[in-house]
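For reference, the structure discussed in these notes is given below.
Protein chains: 2
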Amino acid sequence: MDVRPTRSPAMTDVARLAGVSHQTVSRVLNDHPNVREQTRLRVRAAIAELGYRPNRAARALVTGRSQLIGVVAQNSTLYGPASLLAAFEQAAAEAGFAVSVGSVGRLDRESIAGAVERHLDQRVAGLVVIAPVASADDALEDMPDGVPLVTVDGDPARPHALVTVDQAAGAKLATDRLLAAGHRTVWHVSGPVDWYDAAGRIVGWRAALEAAGAEVPPLVPGDWSAASGYDAGQMLARMPEVTAVFAANDHQALGLLRAFSERGRRVPQDVSVIGFDDVPEAAFFIPPLTTIRPAFDAVAHAGLDLLLAQITGVSTGSERVVIAPVLVDRASVAPA
Amino acid sequence: MDVRPTRSPAMTDVARLAGVSHQTVSRVLNDHPNVREQTRLRVRAAIAELGYRPNRAARALVTGRSQLIGVVAQNSTLYGPASLLAAFEQAAAEAGFAVSVGSVGRLDRESIAGAVERHLDQRVAGLVVIAPVASADDALEDMPDGVPLVTVDGDPARPHALVTVDQAAGAKLATDRLLAAGHRTVWHVSGPVDWYDAAGRIVGWRAALEAAGAEVPPLVPGDWSAASGYDAGQMLARMPEVTAVFAANDHQALGLLRAFSERGRRVPQDVSVIGFDDVPEAAFFIPPLTTIRPAFDAVAHAGLDLLLAQITGVSTGSERVVIAPVLVDRASVAPA
DNA sequence: GTTGATCTTGTGATCGCTAACAATGGGCCG
DNA sequence: CGGCCCATTGTTAGCGATCACAAGATCAAC
Chain A
1 MDVRPTRSPA MTDVARLAGV SHQTVSRVLN DHPNVREQTR LRVRAAIAEL
51 GYRPNRAARA LVTGRSQLIG VVAQNSTLYG PASLLAAFEQ AAAEAGFAVS
101 VGSVGRLDRE SIAGAVERHL DQRVAGLVVI APVASADDAL EDMPDGVPLV
151 TVDGDPARPH ALVTVDQAAG AKLATDRLLA AGHRTVWHVS GPVDWYDAAG
201 RIVGWRAALE AAGAEVPPLV PGDWSAASGY DAGQMLARMP EVTAVFAAND
251 HQALGLLRAF SERGRRVPQD VSVIGFDDVP EAAFFIPPLT TIRPAFDAVA
301 HAGLDLLLAQ ITGVSTGSER VVIAPVLVDR ASVAPA
Chain B
1001 MDVRPTRSPA MTDVARLAGV SHQTVSRVLN DHPNVREQTR LRVRAAIAEL
1051 GYRPNRAARA LVTGRSQLIG VVAQNSTLYG PASLLAAFEQ AAAEAGFAVS
1101 VGSVGRLDRE SIAGAVERHL DQRVAGLVVI APVASADDAL EDMPDGVPLV
1151 TVDGDPARPH ALVTVDQAAG AKLATDRLLA AGHRTVWHVS GPVDWYDAAG
1201 RIVGWRAALE AAGAEVPPLV PGDWSAASGY DAGQMLARMP EVTAVFAAND
1251 HQALGLLRAF SERGRRVPQD VSVIGFDDVP EAAFFIPPLT TIRPAFDAVA
1301 HAGLDLLLAQ ITGVSTGSER VVIAPVLVDR ASVAPA
């Protein structure tokens, strides 16, 4: 008897123990219908006894498909992407898939292409790209066909499967809320304009203003960071006519809040502010921030559904899902 | 000639094109030394021409090791874990590994065990568990041997490879800073006490107080959330004697700030506050928050190094690395 | 009791790669 | 010039699963 450092049991080991062929074990594992109940139980018992665990690599080799889904996202501690990723992993786990992340430092074409490459190397079953900027879409142009792909927050004009938050609707919600409070117009501190998210919010903001017949003030550009919100606030605080600001995200809103506070403009008495994202801390800003909440878990679930549909061949991969955000009213808005 | 839907090229295809055997292709791919330079070039050219991409599943099957590293983390949009994950993926990518995430809703034994199982199913080459609570460690007890494992922020007493931030040192830094500003003592709003991070910060805080001969006030427990900081602040603000508070993280500090502001206690004139984490927005709190910055990317790199050492067999897996945090001075501390 | 259909199980080939070993050829030494 | 060593390349055998096909068992119907 040679006792070697026990390698983990393979299908044949289970088969031998259960007194059947390896193929029957395979059938049990894959819930094949034509297996006698008694046999099935015997095999199950053998599996449990040995602590057998199917070798995914072997399966992937023969089927050509792994149980891995790749997610490409920006290397990001931004609240939005982080929430998306978490929600997505949760949903994927329920469906029996693992999620491999490929975060990229910047969302330029090269970085994205690199991350996609790394995933294709792993023979992922499908790919989710959180691609909020145009350059990311470019990188997807030369994706090999046949790889299930879903874009999140990508170019709404692309012919790919896509899940997005309805940015424009959210922006409209915010703008209308401020207008309804009696403000003559609403200023907007935007995100980086090459992000679709930012662009959509700008569109919605402008549309709401125009629909209400309000003047459209110049756009104040930002870059999602609290710092850029602060800078914008430093400027806006000097203009007495500014009484309502819609910030493209909550962090920028935080910067705004601080700038206004520094310059003695009270929120909401002097200036009303609305943000976007509903980060967990938003309720504890000074004052508590009224904001727009995108349903990240709905986005994640929708994205996974679309992807699984493609993986299983049910779908051709051109559906799109748009998730409507909601307004969360807190204390940063007051009548003009 | 049968022209079938072109399957992706395999090693033999490359071999045929280059006029060598598949084994030689394999050698080139794995940087084997004994290959003539000219041959190597021919093979490389063939690889490029076909757009060949090695099949990881096949390789994993024969070597028994994948190029996948599993990370188990809390389903978390908490800044700390999110940063860690991002930094970790970056480091892993550089080393040619992909990262599969398994986020868990709660850090109880069952959830962790489940996530670990899912990863073992994928035959990961190694596992990183961000396990800041005792229950997580329990789950690791019955890990099969032989799987390289590194714990991040886990139980310092465990005999496993471990990377932690020196929580106590950070807490001491904060406490000393407040003491040095002339405060008689420092109150502490802690994180959940079953988290090692929180426990370590409590230890450091208490030690610093005792070393300075200062009175140790009762501990105010929190749960990392801004809400818990707010609640704590509501209480502390009623006590005139409270002039210095060390919050276990920045979000709790934010809650404190808001509670103090509501109750008319000015920060830093009436009360000084220090946080922990240095979240990107901390500079834009009102006032800008003095805080402790743990070097997340250093943690991630150290963790990966430890893991790779185990994977390559260089290490036995009992090393530990402790990362020292630094104090970031801003505007939430003033003399008593 | 045979026939044919259906259920159940087994056999062998195969996926794409690496490990182990064998074979070839050139250079160097005595 | 024969022999030995080393560099280089090829051959063969798996890794552990699925797939395609075949074979035996079972059962209903005639």
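Chains as they are written, first to last, in this note's numbering: chain A, 1 to 336; chain B, 1001 to 1336. Backbone N, C-alpha and C define an ideal beta-carbon position, used for all residues, glycine too. These numbers come from a predicted model, not from an experiment.
The stretch 1092 to 1109 of chain B makes contact with the stretch 88 to 107 of chain A, as at least three CB pairs between them are under 8 Å.
Taking the Cα positions, B/ARG1059 is about 19 Å away from B/VAL1043.
If you draw a straight line from the Cα of A/VAL62 to the Cα of B/ALA1057, it is about 9 Å long. If you keep only unbroken alpha helix (DSSP H) runs of at least 4 residues inside the stretch 1169 to 1252 of chain B, you get 1196 to 1211, 1226 to 1236.
The beta carbons of B/VAL1333 and B/PRO1268 sit closer together than 8 Å. At a cut-off of 8 Å between beta-carbon atoms, A/SER225 makes contact with chain B.
For B/ASN1030, not one C-beta of chain A is nearer than 8 Å to its own C-beta. Residue nearest to A/GLY233 within the set A/GLU210, A/GLY264, A/ARG206 is A/GLY264 (criterion: CA-CA distance).
A Cβ-Cβ separation of about 12 Å leaves A/LEU219 out of contact with A/THR185 under the 8 Å criterion.
Taking a cut-off of 8 Å for Cβ pairs, the stretch 232 to 250 of chain A and the stretch 176 to 192 of chain A touch, as three or more such pairs fall below it.
In this structure B/PRO1009 touches B/TYR1052 by the C-beta definition: roughly 5 Å separates them, less than 8 Å.
Residue environment: B/GLY1105 is assigned as exposed (fewer than 16 neighbouring CB atoms within 10 Å of its CB, all protein chains considered).
Look at B/GLU1094: its C-beta is not under 8 Å from any C-beta on chain A. If you compare the alpha carbons of A/ASN249, A/TRP195, A/LEU50, A/LEU173 with that of A/ALA212, the shortest gap goes to A/LEU173. At a cut-off of 8 Å between beta-carbon atoms, B/GLN1122 makes contact with chain A.
Under the criterion of beta carbons closer than 8 Å, A/ASP277 and A/THR290 do not qualify as touching, at roughly 12 Å. Collapsing the DSSP output to three states places A/GLN122 in coil. For B/GLN1074, the uninterrupted beta strand (DSSP E) segment begins and ends at 1068 to 1074.
The CB of B/HIS1251 comes closer than 9 Å to the CB of PRO280, GLU281, PHE284 in chain A, given here in chain order.
Within chain A, no C-beta atom comes nearer than 8 Å to that of B/ALA1169; the closest sits roughly 23 Å away. Pairing A/GLN67 with B/VAL1124, the inter-Cα distance amounts to about 13 Å.
The Cβ atoms of B/ARG1201 and B/GLY1170 sit closer than 8 Å to each other. DSSP assignment within the stretch 288 to 336 of chain A yields the following whole alpha helix (DSSP H) runs of 4 residues or more, N-terminal first: 296 to 311. Here A/VAL150 is buried, its C-beta having at least 16 other C-beta atoms within 10 Å.
Close partners of B/VAL1099 in chain A (Cβ separation under 7 Å): SER100, VAL101. Taking 8 Å as the threshold, the shortest C-beta distance from B/GLY1255 to chain A falls below it. Judged by their CB atoms, A/ALA336 and A/ALA181 are nearer to each other than the 8 Å cut-off.
Taken atom to atom, the span from the alpha-carbon of A/ASP176 to that of A/ALA136 is near 32 Å. Interface with chain A (8 Å Cβ-Cβ cutoff): B/ARG1118 is included.
Going by beta carbons, A/HIS251 and A/SER225 fall inside the 8 Å limit. Per DSSP, reduced to three states, the secondary structure at B/PHE1276 is strand.
Taking the beta carbon of A/TYR230 as reference, the chain B residues within 8 Å of it are PHE1284, listed in sequence order.
For A/ALA115, the number of other beta carbons within 10 angstroms of its own is at least 16, and it is reported as buried. In the structure shown, B/GLY1096 adopts coil according to DSSP, grouped into three states. Cβ neighbours of A/GLY222 within its own chain (closer than 7 Å, five residues either side excluded): VAL189, SER190, GLY191, SER228, GLY229, ALA232, ALA248, GLN252.
A/LEU162 and B/VAL1314 have their alpha carbons spaced roughly 45 Å apart.
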